[in-house]
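Worksheet: the structure to be examined is printed underneath.
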Amino acid sequence: MRPFTYERAASARDAAAKAAATPGARFIAGGTNLLDLMKLEIETPTHLIDVNGLGMDKIEPIDGGGLRIGALVRNTDLAADARVRKSYGVLTRALVAGASGQLRNKATTAGNLLQRTRCPYFYDVNMPCNKRKPGSGCAAIGGFSRQLAVIGTSDACIATHPSDMAVAMRVLDASVETIRPDGTTRAIPIADFHLLPGSTPQKETALDKGEMIISVALPKPRGGTHIYRKVRDRASYAFALVSVAAVINRDGTGAVALGGMAHKPWRVEEADALLPKGSKAVAERLLAGATPREDNAFKLTLAQRTIASVIAEAKA
Amino acid sequence: MKFDTPAGTNPIDRMRVVGQPTARIDGPLKVSGKAPYAYEHHDVPGKPAYGYVVGAAIAKGAIRSIDTAQAERAPGVITVVTHRNAGKLGKGRMNTANLLGGPRVEHYHQAIAVVVAETFEQARAAAAMIDVDYARDGGTFDLAAAKTGAAEQGGENAPTAVGDFEGAFASAPVKLDATYTTPDQSHSMMEPHATIAQWDGDGVTVWTSNQMVAWGKKELAATLQIAPEKVRLVSPYIGGGFGGKLFLRSDVVMASLASRAAKRPVKVALQRPLIPNNTTHRPATIQRIRVGCSRDGKITAIGHESWSGNLPDGDLETATMQTKLLYAGPNRMTAMRLAVLDLPEGNAMRAPGEAPGLMALEIAMDEMAEKLGMDPVKFRVINDTQVDPEKPDRPFSQRNLVRCLEDGAKRFGWSRRKAPGQTRDGRWLVGMGVAAAFRNNLNQKSAARVRLNASGQVTVETDMTDIGTGSYTIIAQTAAEMLGVPLAKVSVKLGDSAFPAAAGSGGQWGANSSTAGVYAACVKLREQVVQSLGFGQGEATFENGTVRVGNRSADLAQAAKAGELIAEDAMEYGDLAKKFQQSTFGGHFVEVGVDRYTGEVRVRRMLAVCAAGRILNPTSARSQVIGAMTMGVGGALMEELAVDKRFGFFVNHDLAGYEVPVHMDIPHQEVVFLDEADDKVSPMKAKGVGELGLCGVGAAVANAIYNATGVRIRDYPITLDKHLDKLGDVA
Ligand SMILES: Cc1cc2nc3c(=O)[nH]c(=O)nc-3n(C[C@H](O)[C@H](O)[C@H](O)COP(=O)(O)OP(=O)(O)OC[C@H]3O[C@@H](n4cnc5c(N)ncnc54)[C@H](O)[C@@H]3O)c2cc1C
Ligand code: SF4
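Residue numbers (our numbering), protein chains in the order written: chain V, 1 to 316; chain Y, 317 to 1047.
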């Protein structure tokens, strides 16, 4: 870990301004991802701006329906919120499928969206990795890539985004609300928030320099049966091989997004429309143009079968 | 004391303390944080500095240059030790690769430097500033590709042959010829390898975490090129080892070198991501098994071959050993071949040999039973043997495999098992599997010292280790039984090379061997007590804190009134293990569910029935077995070090990437011990049990999966991707 300086921001606006003005600055929320990466010198910020204690830890109703989730709401609290459990069950289920109780107590909404990939080569500083060290190459391509992406990949990077929460937010059409260094705010649809790797895998989100997440807005409850199905090698405390977030209505229509498949939560709206036709039609559309490797091609089959499982569960 | 004839009746047979379910006497210390582990000794004189180990970034080659200047100037840094300034080092007999690499690099993450600083954070930060220029060599990293060049070994690992295997196999009416693979695995014990080292003149003391104190002492002396008397090794509490701490590892050497250079105590813990490549691992195997049977299910030919790899001069994984002994059959062969690989060093892990060997053999038995149309329990039962099948005039000392299997089948509800793919529970395909468990019993010479003081307090001292197994407790139970005192009157001091050399913890030899050593010392102490009390000849009875000979009796404490009595002895073994094959047996039963959609496998319940001689403490023995069963589930379903065949290293080298079972993976375990006492193994009449609990579990899981799905997987771990596309269409 490199030495760094630390300060507590006075306000969200102050935090964003300072982040833009201070070279090497990063926000720190729960620290469950950033600190691990700093210890391994995968992240080497020289200044940390603590965004805890700015009142961004509340969940509030939005006029006209919907919920606004503060950026600092802990994963545990978000999962347990009665309104979330009642009307956005897929989000609760996704959250509790992630990490462990201890981690969820610290992990925040913004931090969870911004957690970095679990590609094992990203974690080993001896290995080439375009995401960690742009231009150094990608050790995962041609290497051990069982966990990695099968769609939306590039020649530069085949990493996945590991969040469970984000997959549920994608199916709920959430939007990420931010404040910029000049004090202006904007809302970024979750679909546009995470980027595909392209030739710049180090750039992972639509956030600009200094831009800070202040909240996530959930639209009006959409009803339906909410399911989050996370498939992994052990029963708990593991990242997804494939996960499916789905909201399915009684008539078989609905929406579905996948985790563990791509550099971002993977949803294709046209595939949603095929839900009444069954998992194969959905998977075919969702996964058109997939570029799997030998050791992760199974994810395509697994995704289809997991969607089938979810559809069956919704019907039952 | 020498054990060379079967044990007669002795004080242990009373089983008033020994054999009683007893909570660990070290438990309260552990749960209250008062049991100091290696990194936590706060009684080390002087303020320890912190060492941080740097691992090589390449698998094979040489360090062209190593620039430590920036690190040396970094805040708090005291010194940096590399091959350039470490002085001449030797190598322990049991180490394959050097524990300090450079200029030659023998494997990925081989230690090449230790940075010493005032704080851990400073040492870690400076370690990242070391700039190394490597000359990378090509290497061999793929066992399957290197298999053709693999060579047979001599001695104990030489091929064996009895009868005419090839002929009998060729003419067998029912036969199986199948190949199985097991992957490289990492011990993944909770406590990382850690050491505090301190020099005093030309002698060094290391507080460390090591299963084998006497070995460690000798090997450290050999590495540092000093006399063994100049080394003291202290290892009273160990947070798991599983074979990963049998040998001297880089934490000890780097802490010692760092302390010598810094002229201060230095503490080093290997960082978790370094451990899988820096330390040892269980080598992968490729195993071919051929079994030929008559139509009535009698094995006529059995052959087991195994290939594994290791660094030059390393050892092979002895995966065929159990096949020499487990089942009858007149025509048999085994062969093991070793390929040279440039992956990190392979060595003992969790029942080396039998664990991966049975993962293959016991699937083969399941496959064969199916070919014969025979119940797999019955197939094993009719091929039982009471003698060493390679040397039929050599009986087993005690062998109750059949009872384990038949008892287990009854308890588990085995008769409810249906044909493959026939049992459903909602979305789950449900199956049951069985496997035999087999692990040899090994005895090692083991010494102890027992003291009795004037207040009647007994103290046992031995360099035996407790790696979480319960050694403290069974040793106390042994001394209490021998001297007729309650457990509270016994204190046990372990894990210090200043104490008599014990068997140490490995190969499931620790419990029986170390308590037998304590038995020997107690026999001597009893003689001293009788003498001190002036009771003369006659049989002495020690019970309820008193000593009786004929009609004379006295308080035990009385004997030490004039001064502490101290007795020291060792138990050594004659040739009973040559005359009688000494092994432990069991039956593992597993029920799994396989998700019809996703192929996920979840264990639903497990049962182990074990025949392992006298069970010294059913509480700790059960803990051992359920832990081992859990490891078996890990090996069956998830544990695999992923090899990068281009860069030559294990990629998933942390506990996020290398998965072991979590609580939710292990819903229900039951353990039954048969009531045994084996008089041929030691006066304790006990055998090892810990590793037995693992042997066969993997195959029982694999067989249960097959029974659930009808899809046979022969490559471990059985992750869902291996059978997903064969589970039938789901819409
Ligand atoms: C062992 C382990 C297992 C895990 N398993 C799972 C799992 O199964 N599923 C899963 O989804 N996740 C898992 N996680 C990841 C976990 O969810 C994340 O670590 C956590 O959500 C990150 O939140 P945080 O608040 O601690 O973020 P931090 O570590 O504080 O920050 C993460 C990133 O977000 C940035 N950031 C934080 N707040 C803001 C803000 N308001 N605006 C802009 N940028 C900000 C930081 O600068 C940093 O780059 C696991 C983590 C661990 C350590
Ligand atoms: S897949 Fe992406 S994160 Fe992984 S090594 Fe390649 S560039 Fe790095």
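For each residue, glycine too, the CB sits at the ideal point set by N, CA and C.
Checklist line | CB of Leu953 of chain Y within 8 Å of CB of Ile1029 of chain Y, strictly | finding: Inclusion of Leu953 of chain Y and Ile1029 of chain Y in the CB contact set at 8 Å is not warranted, their separation being larger than that value.
Item checked: Asn112 of chain V beta carbon near ligand 1 (any heavy atom closer than 7 Å) -> Because some heavy atom of ligand 1 lies under 7 Å away, the Cβ of Asn112 of chain V counts as near it: yes.
Item checked: Every unbroken alpha helix (DSSP H) inside the stretch 889-951 of chain Y [4 residues or more] -> The qualifying runs are 892-895.
Check: Listed from N- to C-terminal order along the chain, which residues in the stretch 70-89 of chain V have their beta-carbon within a distance smaller than 9 Å of any beta-carbon of chain Y?
Finding: Of all residues in the stretch 70-89 of chain V, none places a beta-carbon less than 9 Å from a beta-carbon of chain Y.
Item checked: Any non-hydrogen atom of ligand 1 within 7 Å of Lys131 of chain V CB -> Every heavy atom of ligand 1 is 7 Å or more from the Cβ of Lys131 of chain V, so no.
Next item on the list: Would you please state the rounded distance, in angstroms, between the beta carbons of Leu971 of chain Y and Asp500 of chain Y? I believe it to be under 8 Å.
Entry: Contact annotation, Leu971 of chain Y with Asp500 of chain Y: C-beta distance approximately 16 Å; criterion of less than 8 Å not satisfied.
Checklist line | Contact with chain Y by Met261 of chain V, beta-carbon distance below 8 Å | finding: For Met261 of chain V, the closest Cβ of chain Y is not nearer than 8 Å.
Next item on the list: Quickly, what does DSSP pair Ala427 of chain Y with across the bridge? List them, please.
Entry: In the DSSP output, where bridge partners are listed per residue, Ala427 of chain Y has Y:Gly371.
Margin query: I'd like the ranges of any alpha helix (DSSP H) spanning at least 4 consecutive residues and lying wholly in the stretch 109-156 of chain V.
Written below: Counting only runs that start and end inside the stretch 109-156 of chain V, the alpha helix (DSSP H) elements of at least 4 residues fall at 109-114.
Check: Which residues in chain Y sit within 7 Å of Asn126 of chain V, going by Cβ to Cβ distance?
Finding: Chain Y residues near Asn126 of chain V: Ala373.
Next item on the list: Check the Cβ of Arg440 of chain Y against every Cβ in chain V and list those closer than 8 Å, keeping chain order.
Entry: Neighbours of Arg440 of chain Y in chain V, taken as residues whose beta carbon is under 8 Å from its own, are Met1, Lys39 in chain order.
Next item on the list: Identify which residue in Y:Arg842, Y:Arg576, Y:Glu437 has its Cα closest to the Cα of Leu35 of chain V.
Entry: Ranking Y:Arg842, Y:Arg576, Y:Glu437 by Cα distance to Leu35 of chain V puts Y:Glu437 first.
Next item on the list: Would you mind reading off the limits of the beta strand (DSSP E) that contains Asp318 of chain V?
Entry: Lying before the first or after the last residue shown, residue 318 of chain V is absent from chain V, which here runs from 1 to 316.
Next item on the list: Going by CA-CA distance only, name the one from Y:Ala402, Y:Ala441, Y:Asn756, Y:Gly833 that's closest to Leu642 of chain Y.
Entry: Ranking the options by Cα distance to Leu642 of chain Y, first place goes to Y:Asn756.
Check: Can you tell me where the beta strand (DSSP E) with Ala667 of chain Y in it begins and where it stops?
Finding: First-last for Ala667 of chain Y: undefined, no H or E at that position.
Notebook entry, point to check: Relative to chain V, which residues along the stretch 631-655 of chain Y have a C-beta separation below 9 Å, given in chain order?
Noted result: Cβ contacts with chain V: none found.
Note to self: Against chain Y, with Cβ distances strictly below 8 Å, would Ala159 of chain V count as a contact?
What the structure shows: Residue-level contact by beta carbon fails for Ala159 of chain V and chain Y, as no gap is shorter than 8 Å.
Margin query: I'd like to know whether the C-beta of Arg8 of chain V is nearer than 8 Å to at least one C-beta of chain Y.
Written below: By this cut-off, Arg8 of chain V is not an interface position.
Next item on the list: Closer than 7 Å by beta-carbon distance: list the chain V residues that pair up with Thr914 of chain Y, in chain order.
Entry: The contacting residues are Val231, Leu302, Arg305, Thr306, Ser309.
Notebook entry, point to check: Would you say Ala819 of chain Y and Ser771 of chain Y are within 8 Å of each other, going by their C-beta atoms?
Noted result: No, they are not a contact pair.
Checklist line | Spatial neighbours of Leu345 of chain Y in its chain, beta-carbon cut-off 6 Å, leaving aside the 5 residues before and after | finding: Contacts found: Ala351.
Item checked: Which of helix, strand or coil DSSP assigns to Asn75 of chain V -> In this structure, Asn75 of chain V counts as helix in the three-state DSSP scheme.
Checklist line | Same chain, Cβ closer than 6 Å to Thr92 of chain V, five either side skipped, listed in chain order | finding: If we look at Thr92 of chain V and ignore the five residues flanking it on each side, its Cβ neighbours are Ala79, Val84, Arg85.
Next item on the list: Go through its chain and collect everything with a Cβ distance to Thr32 of chain V's Cβ below 6 Å, but skip five positions before and after it.
Entry: By the criterion of a C-beta distance shorter than 6 Å, Thr32 of chain V is surrounded in its chain by Leu103, Lys106, Ala107, once the five residues flanking it on both sides are discounted.
Check: Can you find a C-beta in chain V that's less than 8 Å from the C-beta of Thr1035 of chain Y?
Finding: By this cut-off, Thr1035 of chain Y is an interface position.
Item checked: Any chain V beta carbon closer than 8 Å to Met980 of chain Y -> It does: the Cβ of Met980 of chain Y has a partner Cβ on chain V nearer than 8 Å.
Item checked: CB contact flag (Arg2 of chain V, Thr46 of chain V, <8 Å) -> Their beta carbons are under 8 Å apart, which means Arg2 of chain V touches Thr46 of chain V by this criterion.
Check: When you compare each of Y:Gly367, Y:Gln541, Y:Gln527 to Val584 of chain Y by their alpha carbons, which one comes out closest?
Finding: The candidate whose alpha carbon is nearest that of Val584 of chain Y is Y:Gly367.
Check: Unbroken beta strand (DSSP E) runs of length 3 or more, entirely within the stretch 775-860 of chain Y: which are they?
Finding: Here the runs fully enclosed are 806-809, 856-859.
Note to self: Using only CA atoms, which one of Y:Asn828, Y:Arg440, Y:Asn1023 lies nearest to Asp994 of chain Y?
What the structure shows: Here the closest residue by C-alpha is Y:Asn828.
Margin query: So with CB distances below 8 Å, who are the chain V contacts of Arg918 of chain Y?
Written below: Neighbours of Arg918 of chain Y on chain V, chain order: Ala235.
Next item on the list: Indicate, with yes or no, if ligand 2 has a heavy atom lying under 7 Å from the CB of Leu148 of chain V.
Entry: Checking the Cβ of Leu148 of chain V against ligand 2 gives yes.
Check: Any heavy atom of ligand 1 closer than 7 Å to the Cβ of Lys106 of chain V?
Finding: Distances between the C-beta of Lys106 of chain V and the heavy atoms of ligand 1 include at least one below 7 Å.
Check: Which residues in the same chain have their Cβ closer than 6 Å to the Cβ of Val718 of chain Y, if we skip the five residues on either side of it in sequence?
Finding: In its chain, beyond the 5 residues on either side, Val697, Asp700 have a beta carbon closer than 6 Å to the beta carbon of Val718 of chain Y.
Notebook entry, point to check: What separation, rounded to the nearest whole angstrom, lies between the Cα atoms of Val703 of chain Y and Asp480 of chain Y?
Noted result: If I take the Cα positions, the gap works out to 19 Å.
Check: Of all the CB atoms in chain Y, is at least one closer than 8 Å to the CB of Gly278 of chain V?
Finding: Interface residue, yes.
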